[in-house]
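Number of protein chains: 2
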Amino acid sequence: MAAWGERLAGVRGVLLDISGVLYDGGEGGGAPIVGSVEALARLKRSQLKVRFCTNESQKSRGDLVGMLRRLGFDISEGEVTAPAPAACLILKERGLRPHLLIHDGVRSEFDQIDTSNPNCVVIADAGEGFSYQNMNKAFQVLMELENPVLFSLGKGRYYKETSGLMLDVGPYTKALEYACGIEAEVVGKPSPEFFKSALWEMRVEAHQAIMIGDDIVGDVSGAQRCGMRALQVRTGKFRPSDEHHPEVKADGYVDNLAEAVDLLLQHADK
Amino acid sequence: MAAWGERLAGVRGVLLDISGVLYDGGEGGGAPIVGSVEALARLKRSQLKVRFCTNESQKSRGDLVGMLRRLGFDISEGEVTAPAPAACLILKERGLRPHLLIHDGVRSEFDQIDTSNPNCVVIADAGEGFSYQNMNKAFQVLMELENPVLFSLGKGRYYKETSGLMLDVGPYTKALEYACGIEAEVVGKPSPEFFKSALWEMRVEAHQAIMIGDDIVGDVSGAQRCGMRALQVRTGKFRPSDEHHPEVKADGYVDNLAEAVDLLLQHADK
């Protein structure tokens, strides 16, 4: 047992990242990470509250949950905090009409949003949709606005698929920021508002919650800056250098979700 | 006549940007900017030395010059300082084998370069070649290197074609820098080494030279930081806000190359 296991005392709620923690995406939908299906089942049988906090923006919540259920995970749509629905709330509140640079798989989340005569841009992980033509169109929309507003659904650098590391939305957001001389508003991790909405949905205070993720910046640092604890798993996009990150230190590092759940069930209620 | 015309006294050599100063690119090769063909001819008939200093990285120097000659410009290949040949010299000096994320139009410049088993990446204005797949491949090459080295042929934000503003290489360089946590080495404007090589080819000292360009950062600020004077033309990618840039002030602003040449011929030898 890791000596830092004692730092888990008093945890009442667990926020779980999905990609790289539950499964690795890829051709044919991806594959569960070994032990994660069973670990989630054990966690959900415990006293701990569980919620999923993801930056997944290629799929609608419905499609994501359907895929995970087919892989064997016990998860329902209402348990997932995801950036596309959060962005829709913001767009409605502020009366904004977006030009959407997004994956077709998540387009249905924006069905109720007016996209005519756009006055902002929403960028998400568009994958192959990040063609030069599509990037240039988003750039031109922004350059024509007097006050260009860009929303980025997460700002991850890359993620891991079964075939290797893949560019996430963050690099493309940086590209538009540089091209237009602006700064994007991030909707998703590591935005504090996003973590707070997940905590609120779980009805748990930050100091009683722990984030489990594979991203040292988006998951670990983001959660810690909200007053939560955070574990990094050595799966997904984890790289050994993460354990010597110059600015971020997780409350603990575990080999995978199964080890995280073992430790939580052993220490959380102490 | 602009009052600042007196600042042109003592100029002996003129460095000319190409895109946005001589012509605007676009479908069918683009079009000369009104008055530029004749202005260049007058400049070359004068006592002033002239050299072209471009970040063009979609075309080989030969193709660029051929296109400009067809548009009526008096220009030859030996008069052009361009980033691809400069990059080839650096690659050879340092024994580097690049993965090339470049436009097919400039590939011939790298004919003599070993690209097997790459140990660095060269990114240039690839245009439509900036597909997700090509960006991801360059990213993966960099992530597999122990000391990732990225050369960027220029770092422009965008340029103007006859159809509108187009993303240049800079945003895509920023994307790879962010994805990999590295900083690119710029070959081209505004790198001081690049301006210095153009001055050396022209055999003129920095304080006797003036840069004429449409880019307030890449052309004007870059040249000034080398000890040169710099004029910005109100053609190409120029935007009115450039004249109130928070950090950069050109030695003068002119409507186009024709006005710049008028003023130079009037004041340079005073």
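So the sequences go chain by chain: A and B.
Going by this note's numbering, the first sequence opens with residue 1, and the numbers climb by one from there.
Going by this note's numbering, the second sequence opens with residue 1, and the numbers climb by one from there.
Beta carbons are placed, not taken as given, at the ideal position from N, Cα and C, and that holds for glycine.
Chain-ordered chain A contacts of residue i [CB-CB under 8 angstroms]
{"i": "Ala175 of chain B", "result": "Leu167, Pro171, Tyr172, Lys174, Ala175"}
{"i": "Met211 of chain B", "result": "The contacting residues do not exist; Met211 of chain B stays about 22 angstroms from chain A at best."}
{"i": "Gly164 of chain B", "result": "Gln140"}
{"i": "Ala39 of chain B", "result": "Result: empty, since nearest Cβ-Cβ is about 28 angstroms, beyond 8 angstroms."}
Residue i - DSSP class collapsed to helix/strand/coil
{"i": "Val169 of chain A", "result": "helix"}
{"i": "Val106 of chain B", "result": "helix"}
{"i": "Phe151 of chain A", "result": "strand"}
{"i": "Lys137 of chain A", "result": "helix"}
{"i": "Gly25 of chain B", "result": "strand"}
{"i": "Ala268 of chain B", "result": "coil"}
{"i": "Val11 of chain B", "result": "coil"}
{"i": "Gln224 of chain B", "result": "helix"}
{"i": "His207 of chain A", "result": "helix"}
{"i": "Ser241 of chain A", "result": "helix"}
{"i": "Lys196 of chain B", "result": "helix"}
{"i": "Val34 of chain B", "result": "coil"}
{"i": "Leu353 of chain A", "result": "The question about residue 353 of chain A has no answer here: the residues shown for chain A are numbered 1 through 270."}
{"i": "Pro98 of chain A", "result": "strand"}
{"i": "Arg70 of chain B", "result": "helix"}
{"i": "Gly213 of chain A", "result": "strand"}
{"i": "Val275 of chain A", "result": "Not covered by the structure: residue 275 of chain A. The range shown for chain A is 1 to 270."}
{"i": "Tyr253 of chain B", "result": "strand"}
{"i": "Val248 of chain B", "result": "coil"}
{"i": "Leu89 of chain B", "result": "helix"}
{"i": "Lys59 of chain B", "result": "coil"}
{"i": "Ser163 of chain B", "result": "coil"}
{"i": "Arg45 of chain A", "result": "helix"}
{"i": "Glu185 of chain B", "result": "strand"}
{"i": "Lys39 of chain A", "result": "Per the sequence shown, the amino acid found at residue 39 of chain A is Ala instead of Lys. Here Ala39 of chain A sits in helix by DSSP."}
{"i": "Ala258 of chain A", "result": "helix"}
{"i": "Leu231 of chain A", "result": "strand"}
Interface residues of chain A facing residue i [CB-CB closer than 9 angstroms]
{"i": "Ser131 of chain B", "result": "Glu128, Phe130, Ser131, Tyr132"}
{"i": "Met202 of chain B", "result": "Near Met202 of chain B there are no residues of chain A at all, since even the closest Cβ is about 31 angstroms away, more than 9 angstroms."}
{"i": "Val117 of chain B", "result": "A small fix is needed here, since residue 117 of chain B is Asn in this sequence, not Val. Here the premise fails: no neighbours, minimum Cβ distance about 18 angstroms."}
Closer than 8 angstroms at the beta carbon, the chain B residues around residue i
{"i": "Tyr159 of chain A", "result": "Those do not exist, as Tyr159 of chain A stays about 11 angstroms from chain B at its closest Cβ, beyond 8 angstroms."}
Chain E contact for residue i (CB, 8 angstroms cutoff)
{"i": "Phe139 of chain B", "result": "This model lacks chain E altogether; the protein chains it does include are A and B."}
Residue i versus residue j - alpha carbon distance
{"i": "Gly28 of chain B", "j": "Ala126 of chain A", "result": "31 angstroms"}
{"i": "Ala223 of chain B", "j": "Val187 of chain A", "result": "39 angstroms"}
{"i": "Gly252 of chain B", "j": "Glu38 of chain B", "result": "21 angstroms"}
{"i": "Asn55 of chain B", "j": "Gly154 of chain B", "result": "6 angstroms"}
{"i": "Leu68 of chain B", "j": "Ala124 of chain A", "result": "40 angstroms"}
{"i": "Arg225 of chain B", "j": "Phe73 of chain B", "result": "29 angstroms"}
{"i": "Lys174 of chain A", "j": "Tyr23 of chain A", "result": "27 angstroms"}
{"i": "Leu263 of chain A", "j": "Ala84 of chain A", "result": "32 angstroms"}
{"i": "Asp219 of chain B", "j": "Ala268 of chain A", "result": "60 angstroms"}
{"i": "Ala82 of chain B", "j": "Arg70 of chain A", "result": "55 angstroms"}
{"i": "Gly66 of chain B", "j": "Lys44 of chain B", "result": "18 angstroms"}
{"i": "Val34 of chain A", "j": "Leu96 of chain B", "result": "40 angstroms"}
{"i": "Ala230 of chain A", "j": "Val21 of chain A", "result": "13 angstroms"}
{"i": "Val121 of chain B", "j": "Pro98 of chain A", "result": "35 angstroms"}
{"i": "Met1 of chain B", "j": "Ala138 of chain B", "result": "Low per-residue confidence applies at Met1 of chain B: pLDDT is 45, beneath 50, and the placement is therefore not dependable, though the value from the model is reported in the following sentence. For Met1 of chain B and Ala138 of chain B, the distance between alpha carbons rounds to 50 angstroms."}
{"i": "Met228 of chain A", "j": "Phe130 of chain B", "result": "39 angstroms"}
{"i": "Lys160 of chain A", "j": "Gly62 of chain A", "result": "22 angstroms"}
{"i": "Ser60 of chain A", "j": "Glu193 of chain B", "result": "49 angstroms"}
{"i": "Gly10 of chain B", "j": "Ser46 of chain B", "result": "14 angstroms"}
{"i": "Ile75 of chain A", "j": "Pro32 of chain A", "result": "14 angstroms"}
{"i": "Gly26 of chain A", "j": "Gly236 of chain A", "result": "12 angstroms"}
{"i": "Gly30 of chain A", "j": "Arg203 of chain A", "result": "31 angstroms"}
{"i": "Ala250 of chain A", "j": "Glu6 of chain A", "result": "14 angstroms"}
{"i": "Trp4 of chain B", "j": "Ile210 of chain B", "result": "14 angstroms"}
{"i": "Ser191 of chain A", "j": "Val169 of chain A", "result": "15 angstroms"}
Partners in chain A for residue i, counting only beta-carbon separations shorter than 7 angstroms
{"i": "Asn136 of chain B", "result": "Met166, Leu167"}
{"i": "Tyr178 of chain B", "result": "Arg157, Gly170, Pro171, Lys174"}
{"i": "Met143 of chain B", "result": "Leu165"}
Sheet register partners of residue i (DSSP bridge)
{"i": "Phe52 of chain B", "result": "B:Leu16, B:Val80"}
{"i": "Tyr132 of chain B", "result": "None, per the DSSP bridge assignment."}
When you compare the stretch 42-53 of chain B with the stretch 14-23 of chain B, are there three or more beta-carbon pairs, one atom per stretch, that lie closer than 8 angstroms? Between the stretch 42-53 of chain B and the stretch 14-23 of chain B, the count of C-beta pairs closer than 8 angstroms reaches three or more; the two stretches touch.
Can we say the stretch 193-200 of chain B touches the stretch 176-185 of chain B, given the rule of at least three CB pairs closer than 8 angstroms? In short, these stretches do not touch, since the Cβ pair count stays below three.
Contact between the stretch 110-121 of chain B and the stretch 83-96 of chain B: three or more CB pairs below 8 angstroms? Yes, the stretch 110-121 of chain B is in contact with the stretch 83-96 of chain B.
Should the stretch 230-250 of chain A be regarded as contacting the stretch 160-171 of chain B, the criterion being three or more beta carbon pairs within less than 8 angstroms? Cβ pair count under 8 angstroms is below three, so no.
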